[in-house]
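Enquirer: Protein chains in written order, with the numbering used here: chain A, 156 to 952; chain B, 82 to 285.
For each residue, glycine too, the CB sits at the ideal point set by N, CA and C.
Keep in mind it's a predicted model, so treat the numbers as computed, not measured.
Below is the structure I would like to discuss, written out as structure tokens.
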Amino acid sequence: MSDTVKPTETTPQVASDPDAVSITVNGVEHAARKGQLLIDALADAGEYVPRFCYHERLSPVGKCRMCLVECDTGRGPAITVSCMVPVAPGMKVDTQGETTKRMQEGVLELFLANHPLDCPVCDKGGECPLQDQAVSHGPGESRYLEEKRHFEKPIAVSDLVYLDRERCILCDRCTRFADEVGSDALIHFAGRGNNTYITTFPDQPFASYFSGNTVQICPVGALTARPYRFKARPWDLRQQESTCTTCAVGCRIAVQSSHDEVLRHLGVDSDPVNHGWLCDRGRFNYEQLHSADRVLQPLVRAGDDLLPATWSEALAEAATALGAAKAAGGAGSIAVLGGARGTNEDAYAWARLAHEVIGTPNVYAQMGDGLPADLLVLERATIDEAAAASTVVLIGPDLKEELPVLYLRLREAAVKGRTRLLEFTPKLSGLSTVAWRSIAYEPGTLTAAIDTALADDQIAAQLASGPVVVVAGRANLAESSTATVQAVRTVLAKVPGSTVLPAFRRGNVIGALQVGMRPTEGGLDTRGVLQAAADGGIECLVLLGADPVADFPDADLARRALAGARRVIAVDTFLTASSAQADVVLAACAFAEKAGTTTNIEGRVSPVARQVTPAGSTRPDWMIAVELAEALGGDLGYDDVGQITADIAENVDGYTRVTPEALSAAADGVVAYAPTGIGPVALLAGEAPARSSYDFRLIVSRTLYDQAEGTAHSPSLAHLTTATTVHVNPLDLGRIGTTDGATVKLTSSKASVVCTITGDESVLRGTAWMPFRHPGVDPRELIDCFAHTTDLRIENP
Amino acid sequence: MSRFNDDNLRLAKEIIGRYPKARSATIPLLHLAQQQEGHLSDEAMAHVAELVGATPAEVLGTASFYEMFKFEPVGRYLINICGTMSCALGGSDELLAHAEKVLGVKVGGTTADGLFTLERAECQAACTEAPNMQVNYRHCHRMTNELFDRLVDDLRSGRRDGDIPAHGTLARVRQQIPAERAVGPAALDDRGAPAWLPAKEVGG
Chain A
156 MSDTVKPTET TPQVASDPDA VSITVNGVEH AARKGQLLID ALADAGEYVP
206 RFCYHERLSP VGKCRMCLVE CDTGRGPAIT VSCMVPVAPG MKVDTQGETT
256 KRMQEGVLEL FLANHPLDCP VCDKGGECPL QDQAVSHGPG ESRYLEEKRH
306 FEKPIAVSDL VYLDRERCIL CDRCTRFADE VGSDALIHFA GRGNNTYITT
356 FPDQPFASYF SGNTVQICPV GALTARPYRF KARPWDLRQQ ESTCTTCAVG
406 CRIAVQSSHD EVLRHLGVDS DPVNHGWLCD RGRFNYEQLH SADRVLQPLV
456 RAGDDLLPAT WSEALAEAAT ALGAAKAAGG AGSIAVLGGA RGTNEDAYAW
506 ARLAHEVIGT PNVYAQMGDG LPADLLVLER ATIDEAAAAS TVVLIGPDLK
556 EELPVLYLRL REAAVKGRTR LLEFTPKLSG LSTVAWRSIA YEPGTLTAAI
606 DTALADDQIA AQLASGPVVV VAGRANLAES STATVQAVRT VLAKVPGSTV
656 LPAFRRGNVI GALQVGMRPT EGGLDTRGVL QAAADGGIEC LVLLGADPVA
706 DFPDADLARR ALAGARRVIA VDTFLTASSA QADVVLAACA FAEKAGTTTN
756 IEGRVSPVAR QVTPAGSTRP DWMIAVELAE ALGGDLGYDD VGQITADIAE
806 NVDGYTRVTP EALSAAADGV VAYAPTGIGP VALLAGEAPA RSSYDFRLIV
856 SRTLYDQAEG TAHSPSLAHL TTATTVHVNP LDLGRIGTTD GATVKLTSSK
906 ASVVCTITGD ESVLRGTAWM PFRHPGVDPR ELIDCFAHTT DLRIENP
Chain B
82 MSRFNDDNLR LAKEIIGRYP KARSATIPLL HLAQQQEGHL SDEAMAHVAE
132 LVGATPAEVL GTASFYEMFK FEPVGRYLIN ICGTMSCALG GSDELLAHAE
182 KVLGVKVGGT TADGLFTLER AECQAACTEA PNMQVNYRHC HRMTNELFDR
232 LVDDLRSGRR DGDIPAHGTL ARVRQQIPAE RAVGPAALDD RGAPAWLPAK
282 EVGG
């Protein structure tokens, strides 16, 4: 009895917790969690152990040896790699002793044997873990006299990332990230021993959507991002936490600026959302802020030209247009489209302006390329719930292309075996290879495919085994969103209790819909508005950061609508295909130039920070709404964005808890969820027709780098967009009588276009895929938004 | 320069079939590629990556770890002269100098006729037979300048073709495992994992 002392007896305060493990750190007892790595337990105990290779979001490898500590597990003190050893009861750790100190000095001396001391010209200097830890834990001088390693440098491993092999300390962080998290193991160690270096395969660049993360986690200056190279020194940067609004995942970011210019976005580790990762589009599209094409002041049409005007002239012009429209056709002849680009405050002010001051029911935040908003009234899942569910049913777009960080979260869940993905997709997606079942369907047959799948014993058993989350989004812009709604309803009916994570794409679309940018009783949705405009029924069309001419899936209808609308008022940051046709353009602030809140796909509301002065005389959308209301004789009663945030909390369903105080207290935002109050659902009647065997069924979906304004005006990203080609299965090339790279003629019920053809094994036989909004041929010419599906005849021209 | 030819592709698939995970076949397939071409070309590594389900960068990373994989063309005969302790004491430096003179190339070089590449190697585990050298990894014990000259003559004239095949061929006898005893997927289009492999290990 007396020779075994259970640790719980010496630490009674943790005896009740079965997962608690007591360890002694520098003579003081601390409670750690069972299975926790020693390095994390030490950090929890207030002892930060220096490290290079260890990263909380990557698997430990013990490569750098910087985290060595002296650890006694009962067999005497031993040198231990603290990132590779889980805690054990009774461990006695010494992180301050002479031995530990000497080991740390030795490791750093070895790193600096080859690492160049070019800190004064290195982008990482000032925020460099190697620099910092060499000062805090290093020996101060080196015994090495030998020449250091030399390599050609820098090497562009991708369009966005440069590699300096001389600075590299071979910590394996970037390569582990690429392999474990990003799924693109396109960079790897080559060689052996002292000759090891990081490399890509010849002619195969590190073209990952997530390559920028490797720059952020590199513990030295070996990887640098092209858009930021030599732009600033870390100590000159001011930063604020904000939320990325490029897509609707809502990744937490730090916006950094110097001299009133945004120079960098860094990912912030938000446990429920992005785990610190960002996609390259969100990371680098801040370049659009400084684009020479920005609309910097209001513009008023004079004949064929849009001429600069003062704010009072432009607002008066806009108010006159709205007044004239109301006089001519009543409030119902006015429509407001958009609002998904801005903050909740922008959307709320505009929704009040539209509904209360103007009095129109025709308000909608979506561009017909999303989903009916009734998906938002379904029982909602969070991203964490999806990543922990036993099954995730994917009915929607390729998440890697549309919601990249949600893709990372689900991929991780699948790879680690926590979650099984049951995917229904018209084309192989980024998740197909890790999905438990990937079921490809031809557009028009989704519900049938789901019925068949759910009748399968194995699939039924899997769905019955635990929580089920349905990730629902629009997989195909050439197919009516009716198909998705029916599919989601089918799954929910057969798997009771499952919840829905809506895979809506556009920045703050969910926030905008929730705070009121949606039709009220008798109002029209976007398709209805465009149809009415094309028929001459819209006296004034207001585009709030909306570009239907480029975004609405039916190009013909959008064009006719803009031509048919008597007056067009645009609130925009750039002159887009739509706003260039406006009579009045009100110059709006861009991201990082205005404060507010944004709502992500889960309904999580988090703050957006104003980091720089608005460009030119641009104003935030909410301020434009307030002033326009005043010009129309109304009063929204706001002179500060905080008042709107408070007003939303008071008046919007589900936002009661989202007060300014709650937002500033919660690091990860506040989840707002209102299962009611979303407007009507426009479903197409009837069934999708069967495809004639001579035809190809068209799939149109987005890729990450398309010609969206933010991407097109960011020089580092703009050239990553590829020209449109039509993709068919290689086996179908012969059937058409053509070859890869040849030109073919595509004919649908709407139009006929000539396009290059590409053989692509990710496309199902009998279907054809085209990217949305890429340069060249526009697939939207082929789409009829009143049809269930789009069929193509593909012929030699 | 090239991907696997038809015969070797068949062989490659058979080799993949011997392993529960296709990736385990990476190194045997690299040897097969080197046997076909004498060295590893980018195309061959990309083809191996395709076959085992890895990225080409991963295959390059693996291959470049090993000295026996060559990324540039080498001569038909790769001569490695051991320079470690016993052989050095036994006169390997003099042997190397002689070899350089006879072949007319420096260490690391290849003769103009593409027949010989000369390299200095570390210990070849034949210290009792110093000085030792290898031709395409076949040992030549207790070498002298005269033996070296005769060896070069024999190789040039093809008299040693019977026991020293061209660079890249490790052995002329291949392991044969009947398809029914293969543990992995015999055909690539049927890449199921064996039942005894834990689910989380499957794939890749």
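Does the stretch 449-467 of chain A come into contact with the stretch 654-673 of chain A, if we say contact requires no fewer than three beta-carbon pairs (one atom in each stretch) closer than 8 Å?
Expert: Touching, no, given that fewer than three Cβ pairs across the two stretches are closer than 8 Å.
Enquirer: Establish whether the CB of A/Phe344 and some CB of chain B are separated by less than 8 Å.
Expert: Yes, its Cβ sits closer than 8 Å to a Cβ of chain B.
Enquirer: Using a Cβ cut-off of 7 Å, pull out every chain A residue sitting near B/Ser145, in sequence order please.
Expert: The contacting residues are Ala345, Gly346.
Enquirer: Would you say A/Leu565 reaches chain B, if we count a Cβ-Cβ gap shorter than 8 Å as a contact?
Expert: Closer than 8 Å: no.
Enquirer: Strictly by DSSP, which residues pair up with A/Ser593?
Expert: Beta-bridge pairing links A/Ser593 to A/Glu578.
Enquirer: Which residue comes first and which comes last in the beta strand (DSSP E) that contains A/Leu421?
Expert: Residues 416-422.
Enquirer: Residues bridged to B/Tyr158 by DSSP?
Expert: Bridge partners of B/Tyr158: B/Phe197.
Enquirer: Which residue's Cα is closest to the Cα of A/Val324: A/Tyr352, A/Ile912, A/Val625, A/Ala544?
Expert: As written in the sequence, residue 324 of chain A is Ile, which differs from the Val given in the question. Ranking the options by Cα distance to A/Ile324, first place goes to A/Tyr352.
Enquirer: DSSP state of A/Val410, grouped into three classes?
Expert: Of the three classes helix, strand and coil, the one that applies to A/Val410 here is strand, per DSSP.
Enquirer: Along the stretch 310-324 of chain A, where does the CB come closer than 9 Å to a CB of chain B? Name the residues.
Expert: Per Cβ criterion, the list is empty.
Enquirer: Thinking just about the alpha-carbon of each residue, which of A/Val643, A/Ala750, A/Ser587, A/Asp887 is nearest to the one in A/Glu534?
Expert: The residue with the shortest Cα to Cα distance from A/Glu534 is A/Val643.
Enquirer: Name, in chain order, the residues that DSSP records as bridge partners for A/Phe659.
Expert: DSSP lists no partner for A/Phe659.
Enquirer: DSSP puts A/Cys283 in a beta bridge; with which residues?
Expert: Partner(s): none; A/Cys283 has no beta bridge.
Enquirer: DSSP state of A/Met239, grouped into three classes?
Expert: If DSSP states are grouped into helix, strand and coil, A/Met239 belongs with coil.
Enquirer: Classify A/Ile693: buried if its beta carbon has 16 or more other beta carbons within 10 angstroms, exposed otherwise.
Expert: The residue is buried, with at least 16 neighbouring Cβ atoms inside 10 Å.
Enquirer: Using a Cβ-Cβ distance under 8 Å, would A/Gln998 count as near chain B?
Expert: Beyond the ends of chain A as shown, which are 156 and 952, falls residue 998 of chain A; an answer cannot be given.
Enquirer: Between the alpha carbons of A/Leu341 and B/Gln115, how many angstroms are there, rounded?
Expert: In a straight line, the C-alpha of A/Leu341 is about 23 Å away from that of B/Gln115.
Enquirer: Touching or not, the stretch 412-421 of chain A and the stretch 378-391 of chain A, by the rule of three or more beta carbon pairs under 8 Å?
Expert: Yes: at least three Cβ pairs fall under 8 Å.
Enquirer: Using three-state DSSP, classify A/Thr800 as helix, strand or coil.
Expert: Three-state DSSP puts A/Thr800 in a helix.
Enquirer: Could you name the residues of chain A that B/Gly142 contacts, counting a contact when the two beta carbons are closer than 7 Å?
Expert: Residues of chain A passing the Cβ test: His343, Phe344, Ala345.
Enquirer: Just grab the DSSP bridge partners of B/Leu214 for me.
Expert: The identity of residue 214 of chain B in the sequence shown is Met, whereas the question assumes Leu. Bridge partners of B/Met214: B/Ile162, B/Cys221.
Enquirer: By alpha-carbon positions, which one of A/Pro708, A/Ala710, A/Val739, A/Ala705 ends up nearest to A/Val697?
Expert: It is A/Val739.
Enquirer: How about B/Ala93: is its C-beta nearer than 8 Å to some C-beta of chain A?
Expert: Not closer than 8 Å to any Cβ of chain A, the Cβ of B/Ala93 fails to qualify, so no.
Enquirer: Does the Cβ of A/Glu842 have 16 or more other Cβ atoms within 10 Å, making it buried, or fewer, making it exposed?
Expert: Under this definition A/Glu842 is an exposed residue.
Enquirer: Measuring alpha carbon to alpha carbon, tell me which residue in A/Phe707, A/Ser488, A/Tyr209, A/Gln288 is nearest A/Gly677.
Expert: Of the candidates A/Phe707, A/Ser488, A/Tyr209, A/Gln288, the one whose C-alpha sits nearest the C-alpha of A/Gly677 is A/Ser488.
Enquirer: Assign A/Thr330 to one of three DSSP states: helix, strand, or coil.
Expert: Reduced to three states, the DSSP call for A/Thr330 is helix.
Enquirer: How is B/Arg272 classed by DSSP in three states: helix, strand or coil?
Expert: Its pLDDT being 46, under 50, B/Arg272 is placed unreliably by the model, and the measurement read from it follows with that caveat. It is coil, neither helix nor strand.
Enquirer: So, does the CB of B/Ala138 fall closer than 8 Å to a CB anywhere in chain A?
Expert: True, the Cβ-Cβ gap to chain A drops below 8 Å.
Enquirer: Going along chain A in order, which residues have a C-beta closer than 8 Å to the C-beta of B/Asp123?
Expert: Result: Phe356, Pro357, Asp358.
Enquirer: What does A/Ala340 reach in chain B if we use C-beta pairs closer than 8 Å?
Expert: Per Cβ cutoff of 8 Å: Ala135, Thr136, Ala138, Glu139.
Enquirer: Take every Cβ of the stretch 576-592 of chain A, pair it with every Cβ of the stretch 439-448 of chain A, and state whether three or more of those distances are shorter than 8 Å.
Expert: No, because fewer than three Cβ pairs between the stretch 576-592 of chain A and the stretch 439-448 of chain A fall closer than 8 Å, the two stretches do not touch.
Enquirer: Do you know how far the Cα of A/Val826 is from the Cα of A/Ser758?
Expert: According to the sequence as given, residue 758 of chain A is Gly; it is not Ser. Cα-Cα distance, rounded: 5 Å.
Enquirer: Helix, strand or coil for A/Gly437? Go by DSSP, reduced to three states.
Expert: Here A/Gly437 sits in helix by DSSP.
Enquirer: By the DSSP assignment, the alpha helix (DSSP H) with A/Asp887 in it spans what residues?
Expert: Unbroken alpha helix (DSSP H) run through A/Asp887: 885-891.
Enquirer: Roughly how many whole angstroms lie between the Cα atoms of B/Gly134 and A/Gly683?
Expert: About 49 Å.
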